[in-house]
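Engineer: In this text, residue positions in the sequence shown follow this note's numbering: the first is 1093, and each later residue adds one.
Backbone N, C-alpha and C fix where the C-beta goes; we use that ideal spot for every residue, glycine too.
Quick one: the structure is below, and I'll ask about it shortly.
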Amino acid sequence: MKRALVTGGSGTLGAAICRALAAAGHHVCIHAHGGAARADALAAEIGAAGGSAQRVVFDVTDAEASGKSLAELLEGGPIQILVNNAGIHDDAVMPGMRHEQWARVIDVSLNGFFNVTQPLLLPMIRTRWGRIVNISSVSALVGNRGQANYAAAKAGLHGATRTLALELASRGITVNAVAPGIIASPMTEGVFSKESIGQLVPMKRAGTPEEVADLVQFLASDRAAYISGQIISINGGMI
């Protein structure tokens, strides 16, 4: 049984990814920061369904706290599947964006990626098998008004994905990014009306978290061993 860590695992998309990985037979470490109770409930749900899961709580922007929590996690064995899903929005058009908005979004999505991924690499390399999937966004590919901070953070993740894929290719480890478009969640329901989704998405609907989770689960499997360094869109034909 391989061990998987999903950051932001207590959110809507993260939870779907945790369920998919658990259903594939992996032990899932559900990361949370503010959503510890949701992570506990999800771990219990996965356990009741016959899967294996635990929750882990830390702030991905705090390098010291992240390192301490990950060291404790590694005492149980290497993490061979890592899904970097943690991210936040704090939208504003650039002329009105505060420095704090810019810095916080970059800190979670990009610095958080480093703080979590780097400590896990050497133990993963020693197993000569690993899967790293970074959750990005269509905003990083085409831009989006009011999201210069978010688009920049996710675009930075693309460069890190491609570089890390080159560095780890000879070690049996793949590194890819998944860039979802509009995905149904409580967050998007308050932003996109059915009419606006119909205008933006050729398929005329939002994607589901489960559709993204299925893609992530495939990339985390043996079947995806020759796919690495890719930015894979899942957006209903938006681009």
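1. Can you check whether the CB of residue 1113 is closer than 8 Å to the CB of residue 1312?
2. Below 8 Å on the Cβ atoms is my contact criterion, and I expect residue 1271 with residue 1229 to pass it. Report the Cβ-Cβ distance as a whole number of Å.
3. Going straight from the alpha carbon of residue 1148 to that of residue 1239, what length do you get?
4. Looking only at DSSP bridge pairs, what is residue 1299 linked to?
5. Is it the case that the Cβ atoms of residue 1231 and residue 1268 are separated by a distance below 8 Å?
6. Spatial neighbours of residue 1186 within its chain, please: C-beta separation below 8 Å, excluding the five flanking residues on both sides.
7. Using 10 angstroms around the beta-carbon of residue 1279, count the other beta-carbons present and answer buried if the total reaches 16, otherwise exposed.
8. Could you check whether the segment 1193-1208 touches the segment 1152-1161, counting it as contact only if at least three pairs of C-beta atoms, one from each stretch, sit closer than 8 Å?
9. Between the alpha carbons of residue 1182 and residue 1202, how many angstroms are there, rounded?
10. Considering Cα atoms alone, identify which of 1326, 1199, 1327 is closest to residue 1245.
11. Any idea which residues DSSP pairs residue 1222 with across the strands?
12. Between residue 1318 and residue 1264, what straight-line distance do the alpha-carbon atoms span, to the nearest angstrom?
13. If we ignore side chains and look at the alpha-carbon of each, how far apart do residue 1159 and residue 1290 end up?
14. Does the segment 1123-1140 come within contact of the segment 1095-1103, defined as at least 3 CB pairs closer than 8 Å?
15. Using 8 Å as the cut-off, can you tell me whether the segment 1159-1176 makes contact with the segment 1221-1228, which would need three or more C-beta pairs spanning the two stretches below that distance?
16. Give me the Cα-Cα distance between residue 1166 and residue 1196, rounded to the nearest whole angstrom.
17. Report the start-end ranges of each beta strand (DSSP E) in the segment 1103-1156 that is 3 residues or longer and not cut off at the edges.
18. Just list the residues that DSSP pairs residue 1200 with in beta bridges.
19. Quick check on residue 1283: buried or exposed, where buried means 16 or more other Cβ atoms within 10 Å of its Cβ?
20. Is it right to say residue 1286 is buried, meaning 16 or more other beta carbons lie within 10 angstroms of its own, or is it exposed?
21. Residue 1266 and residue 1316 look like a contact to me (Cβ under 8 Å); what is the Cβ gap, rounded to whole Å?
22. What do you get for residue 1216, buried or exposed, if any count of 16 or more other CB atoms within 10 angstroms of its CB means buried?
23. Would residue 1325 be called buried (16 or more neighbouring beta carbons within 10 Å of its own) or exposed?
24. Residues in its own chain within less than 8 Å of residue 1218 by CB, not counting five upstream and five downstream?
Structural biologist: By the coordinates alone:
1. Looking up residue 1312 in the sequence shown gives position 220. Looking up residue 1113 in the sequence shown gives position 21. Yes, the Cβ-Cβ distance between residue 1312 and residue 1113 is below 8 Å.
2. Taking the first residue of the sequence shown as position 1, residue 1271 is located at position 179. Taking the first residue of the sequence shown as position 1, residue 1229 is located at position 137. Contact flag correct, Cβ pair sits at about 6 Å.
3. In the sequence shown, counting from the first residue as 1, residue 1148 sits at position 56. In the sequence shown, counting from the first residue as 1, residue 1239 sits at position 147. Between residue 1148 and residue 1239, the C-alpha separation is close to 29 Å.
4. Against the sequence shown, residue 1299 aligns to sequence position 207. Beta-bridge pairing links residue 1299 to 1275.
5. One-based indexing of the sequence shown puts residue 1231 at position 139. One-based indexing of the sequence shown puts residue 1268 at position 176. No, they are not a contact pair.
6. Taking the sequence shown and counting its residues from 1, one reaches residue 1186 at position 94. Excluding residues within five positions, the ones whose Cβ falls inside 8 Å are 1240.
7. To locate residue 1279, count along the sequence shown from 1; it is residue 187. The residue is exposed, with fewer than 16 neighbouring Cβ atoms inside 10 Å.
8. yes
9. Indexing the sequence shown from 1 puts residue 1182 at position 90. Indexing the sequence shown from 1 puts residue 1202 at position 110. Distance between the alpha carbons of residue 1182 and residue 1202: 14 Å.
10. In the sequence shown, counting from the first residue as 1, residue 1245 sits at position 153. Considering only alpha carbons, the answer is 1199.
11. Here residue 1222 is taken as the residue at index 130 of the sequence shown, counted from 1. Paired residues: 1265.
12. If you number the sequence shown from 1, residue 1318 lands on position 226. If you number the sequence shown from 1, residue 1264 lands on position 172. Taking the straight line from one Cα to the other gives about 9 Å.
13. The count along the sequence shown starts at 1 and reaches residue 1159 at position 67. The count along the sequence shown starts at 1 and reaches residue 1290 at position 198. Using only the alpha carbons, I get a separation of about 44 Å.
14. yes
15. yes
16. For the purposes of this step, residue 1166 is taken as the residue at position 74 of the sequence shown. For the purposes of this step, residue 1196 is taken as the residue at position 104 of the sequence shown. One C-alpha to the other measures close to 28 Å.
17. 1119-1124, 1144-1149
18. Your numbering for residue 1200 matches position 108 in the sequence shown. DSSP, once it has assigned bridges, lists no residue as partnering residue 1200.
19. Stepping through the sequence shown from its first residue, residue 1283 is reached at position 191. Its Cβ having fewer than 16 others within 10 Å, residue 1283 is exposed.
20. The residue labelled residue 1286 in the question sits at position 194 within the sequence shown. By the 10 Å Cβ count, residue 1286 comes out exposed.
21. Counting from one through the sequence shown, the residue named residue 1266 turns up at place 174. Counting from one through the sequence shown, the residue named residue 1316 turns up at place 224. About 6 Å separates the two Cβ atoms, so the contact holds.
22. Indexing the sequence shown from 1 puts residue 1216 at position 124. Label assigned to residue 1216: buried.
23. For the purposes of this step, residue 1325 is taken as the residue at position 233 of the sequence shown. By the neighbour-count rule (16 or more Cβ atoms within 10 Å), residue 1325 is buried.
24. Sequence index remark: in the sequence shown, residue 1218 carries index 126 (1-based). Excluding residues within five positions, the ones whose Cβ falls inside 8 Å are 1170.
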